[in-house]
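Engineer: In the numbering used here, the protein residues as written are -8 to 168. No residue lacks a Cβ here, since even glycine has one placed at the ideal position from N, Cα and C. Quick one: structure below, then a few questions.
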């Protein structure tokens, strides 16, 4: 999603457009990984979204696109209220989770932060710089061999998996503050 219609001078706007460009690049890489590996979220699953809000790590910069959209749509007060409610509840879930959505549950899917994009479809590097896929527990429950299969495809060079730290460092380089 481009921040079409929003203009401004300075590096913040350029940075936000760079962020959205990086998200599109990552989404393409994840789509290729999914296609090549056969990994997929169970239909209608939203367990990764149904997590404690305090365990969700995202930078302010990553959430600025959603904040701009919320202001533009006149929904900033709604989201600020949702955040205030969640802040007072240690068991609160992600404020963007909407159980009424038919596919998954993210109400800001198009501009969700990096952590949410990477979940289940990325890898970390081991001490030898070998990518180790982070396969979601729900995928493993549906198919106990899915992690081994994905690892074999990665090791054989059949598929490329997005590396979490690579994308996190690129976002940090766009907006290091």
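1) Could you pull out every unbroken alpha helix (DSSP H) segment of at least 4 residues lying fully inside the segment 94 to 152, listed in chain order?
2) State the DSSP-derived secondary structure class of residue 37, mapped to helix, strand or coil.
3) Here's a check: name, in chain order, each residue in its chain whose Cβ is nearer than 7 Å to the Cβ of residue 150, leaving out the five neighbours to either side.
4) Which same chain residues end up closer than 6 Å to residue 166 when comparing Cβ atoms and leaving out the 5 residues on each side of it in sequence?
5) Out of 163, 158, 164, which one is the CA nearest neighbour of residue 16?
6) Measuring straight from C-alpha to C-alpha, what distance separates residue 33 and residue 129?
7) When the Cα atoms are used, what is the spatial distance from residue 64 to residue 133?
8) Based on DSSP bridge pairs, tell me the residues matched to residue 84.
9) Return the chain-ordered list of same chain residues with a C-beta closer than 7 Å to the C-beta of residue 54, the five sequence neighbours on each side being excluded.
10) For residue 125 and residue 47, I'd like the C-alpha separation in whole angstroms.
11) Hey, would you say residue 56 sits closer than 8 Å to residue 10, going by beta carbons?
12) What does a CB cutoff of less than 6 Å around residue 36 pick up in its chain, not counting 5 residues either side in sequence?
13) List the residues that DSSP assigns as beta-bridge partners of residue 154.
Structural biologist: For this structure:
1) 105 to 109, 128 to 133, 137 to 146
2) Indexing the chain shown from 1 puts residue 37 at position 46. Residue 37: coil per DSSP, three-state reduction.
3) Reading the chain shown from its first residue, position 159 is the one you call residue 150. Shown here for residue 150: same chain residues with a beta carbon closer than 7 Å to its own, the five before and five after excluded, namely 24, 27, 28, 144 in chain order.
4) Start at 1 with the first residue of the chain shown, and residue 166 comes out as number 175. Taken in chain order, the residues that qualify are 6, 52.
5) Within the chain shown, residue 16 is the residue found at index 25, counting from 1. Per the Cα distances, 158.
6) In the chain shown, the residue the question calls residue 33 occupies position 42. In the chain shown, the residue the question calls residue 129 occupies position 138. Rounded to the nearest angstrom, the two C-alpha atoms are 7 Å apart.
7) As a position in the chain shown, residue 64 is number 73, starting the count at 1. As a position in the chain shown, residue 133 is number 142, starting the count at 1. Distance between the alpha carbons of residue 64 and residue 133: 39 Å.
8) Indexing the chain shown from 1 puts residue 84 at position 93. According to DSSP, which records beta bridges pairwise, residue 84 is partnered with 43.
9) The residue given as residue 54 occupies position 63 in the chain shown. Closer than 7 Å at the Cβ level, and outside the excluded window around residue 54, lie 104.
10) Taking the chain shown and counting its residues from 1, the one referred to as residue 125 is at position 134. Taking the chain shown and counting its residues from 1, the one referred to as residue 47 is at position 56. Each residue's alpha carbon lies about 17 Å from the other.
11) If you number the chain shown from 1, residue 56 lands on position 65. If you number the chain shown from 1, residue 10 lands on position 19. Contact flag set, yes.
12) Within the chain shown, residue 36 is the residue found at index 45, counting from 1. The answer, listed in chain order, is 129.
13) The residue labelled residue 154 in the question sits at position 163 within the chain shown. Its beta-bridge partners are 114.
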